[in-house]
Each structure stands twice: as structure tokens, then as C-alpha cells.
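Chemist: First residue of the sequence shown? That's 1 in full-length UniProt numbering, and the numbers climb one at a time after it. The beta-carbon is built from N, C-alpha and C at its ideal position, and this holds for glycine as well.
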Amino acid sequence: MRFSTLKSIYQCKCPRCHKGDMFLRGKLLNPTKFSVMNKSCSHCGQSFEPEPGYYFGAMFVSYAINTALFITAWVALTILKPDYSLSLLLSLLGVAAIVFLPFIYRISRSIWIAIFISYQGEDLPSSS
Ligand SMILES: [Zn+2]
1 MRFSTLKSIY QCKCPRCHKG DMFLRGKLLN PTKFSVMNKS CSHCGQSFEP EPGYYFGAMF
61 VSYAINTALF ITAWVALTIL KPDYSLSLLL SLLGVAAIVF LPFIYRISRS IWIAIFISYQ
121 GEDLPSSS
């Protein structure tokens with residue numbers, strides 16, 4: 001996998017050209033707008049929803065990321081406060097899931113679309 005592909009996944013850029021934004025810019029921390037996606041790439045015209053229900057599989061990516069987040073929080077709590085209570089652990093996991101929700105939502109979709117649409121260069125003609 002190319003470094004630029006990893007960078008485009010992290011930055012939620014178009015998987016085909018790595019230029020256009022998949023999501024509205026600057027809305028990551030807006031609770032009502034963080035999930036709004038652009039219909040297609042502004043640079044190459046790649047559709048960001050190739051078919052209805054396309055991102056159903058991103059749920060499994062999100063599940064894996066959340067599991068990693070929860071294990072990390074659990075290990076950190078075990079190291080920092082070995083005599084923690086179950087309610088503290090569950091509270092920490094709940095807060096972590098809510099705080100990281102916008103980032104995990106976006107990165108899951110970005111990973112999912114990058115699995116199926118490969119990079120084809122920056123100088124693509126617009127298909128729309
Ligand atoms: Zn593009």
C-alpha cells in the first residue's frame with residue numbers, strides 16, 4: 001500500500017485521485033454535520049456512494065476500530081489505576097466512544113471505499 005493512500009484515508013480524500021474531500025470541510029466537530037458526505041469528488045468526479053447501502057461494510061471497519069480503542073482504554077486504565085471499578089471502565093469506554101465517534105465514522109468510510117477504489121493518479125479528467 002502506498003503512503004499517499006494511507007494519507008488520503010486519514011485525511012478522508014477521494015481514493016481515486018487523493019485530491020477531493022469525501023466530507024464537508026471543517027465540520028468534523030459539528031455534531032449535526034460531521035457525517036455529511038459530498039456526492040462526488042470535486043477533482044475527478046468519482047462518486048462517493050457508488051450504490052445504495054455501499055457503506056454497510058464500513059460498520060465492520062468501525063467495529064474493529066472501536067474494539068482497538070476499547071482495548072487501548074482498558075490497558076491504559078489497568079496501568080494507570082490498577083484498582084479501577086467496572087463502572088469507571090464502562091464510563092471511560094462510553095466517553096471514548098462518543099468523543100471519537102466523528103473521527104471513527106469518517107475513517108471507517110474512508111477505509112471502506114479505499115478497499116474497492118484504487119488510486120489512478122492526480123491528473124484524471126473529471127467524469128461528471
Ligand atoms: Zn477524486
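#1: So C12 and C41 are supposed to be a Cβ contact under 8 Å. How far apart are they, rounded?
#2: Apart from the five residues on each side of it in sequence, which residues of its chain come closer than 8 Å, Cβ to Cβ, to S118?
#3: Which ranges would you report for the alpha helix (DSSP H) in the region 73-99 if only whole runs of at least 4 residues count?
#4: Using 8 Å as the threshold, is the region 69-78 in touch with the region 86-100, meaning 3 or more CB pairs across them?
#5: Alpha carbon to alpha carbon, what distance is there between Y55 and I65?
#6: Output needed for L92: all residues of its chain with C-beta closer than 8 Å, excluding positions within five of it in sequence on either side, in chain order.
#7: Note down the Cα distance separating V75 from S62, rounded to an integer number of angstroms.
Modeler: On the basis of the data shown:
#1: On the sequence shown, position 12 is the one that residue 12 refers to. On the sequence shown, position 41 is the one that residue 41 refers to. Actually they are not in contact, since the Cβ atoms of C12 and C41 sit about 12 Å apart, beyond 8 Å.
#2: Position 118 of the sequence shown, counting from 1, holds the residue named residue 118. Residues of the same chain with a CB within less than 8 Å of the CB of S118, apart from the 5 flanking positions on each side, are P15 and R16 in chain order.
#3: Given a length threshold of 4 residues, each whole run of the alpha helix (DSSP H) inside the region 73-99 is given here in chain order: 86-99.
#4: Judged by Cβ distances under 8 Å, the region 69-78 makes contact with the region 86-100, as three or more pairs qualify.
#5: Within the sequence shown, residue 65 is the residue found at index 65, counting from 1. Within the sequence shown, residue 55 is the residue found at index 55, counting from 1. Answer to the nearest angstrom: the Cα atoms are 15 Å apart.
#6: Within the sequence shown, residue 92 is the residue found at index 92, counting from 1. Correct list, in chain order: A73 and L77.
#7: To locate residue 75, count along the sequence shown from 1; it is residue 75. To locate residue 62, count along the sequence shown from 1; it is residue 62. One Cα belongs to V75, the other to S62, and the distance between them is close to 20 Å.
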